[in-house]
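Going by this note's numbering, the sequence shown opens with residue 314, and the numbers climb by one from there.
Following: one structure in structure tokens, then a few remarks.
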Amino acid sequence: MENEKNYNHITKYENILNQFDQKIQELAELLRFFEEHSDEFVSLMDYYHSNQRQEDLEAENRREIPVDLPRGVLSEDAIYNLYTDYREVSLKMLANGTRFFKEN
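Shown next as structure tokens:
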């Protein structure tokens with residue numbers, strides 16, 4: 314038994330490998346979504362700054378829009394918050410990628 318070696322480190326690194334492999338696959342899928350739908354996001358941002366949205370806000374204030382119509386895009390902060398979240402996540406991904414290449 315004195316010569317029996319402890320291989321717990323293999324289990325530790327196997328778990329790290331599997332966890333990172335799964336997360337990389339999930340991240341790749343999410344990145345594909347953002348690549349494939351970037352035009353839609355740009356369109357949303359264009360709407361946010363458009364005369365059409367201003368007209369829609371005015372119609373909302375006059376209570377012309379049906380109450381059962383979802384209209385989160387007309388809220389004060391929804392699109393802006395999405396933009397800032399998108400920007401923050403993008404900056405974190407850039408910083409993480411830069412750190413990875415500097416350290417490896």
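Built from N, CA and C at the ideal position, the CB exists for glycine as well.
Here the structure is a predicted model, which is why all the values come from computation and not from measurement.
Tell me whether residue i sits in a helix, a strand or coil according to DSSP, three-state version.
| i | result |
| --- | --- |
| L344 | helix |
| I337 | helix |
| R366 | helix |
| E353 | helix |
| E317 | coil |
Taking only the alpha-carbon atoms, compute the straight-line gap between residue i and residue j and give it to the nearest angstrom.
| i | j | result |
| --- | --- | --- |
| D381 | H362 | 24 Å |
| G385 | Y393 | 11 Å |
| L340 | L357 | 23 Å |
| M406 | T397 | 14 Å |
| N331 | I323 | 12 Å |
| Y326 | F333 | 10 Å |
| V402 | Q335 | 19 Å |
| E348 | R375 | 38 Å |
Am I right that residue i and residue j are in contact with their C-beta atoms under 8 Å? What's the rounded C-beta distance?
| i | j | result |
| --- | --- | --- |
| E373 | L387 | 5 Å |
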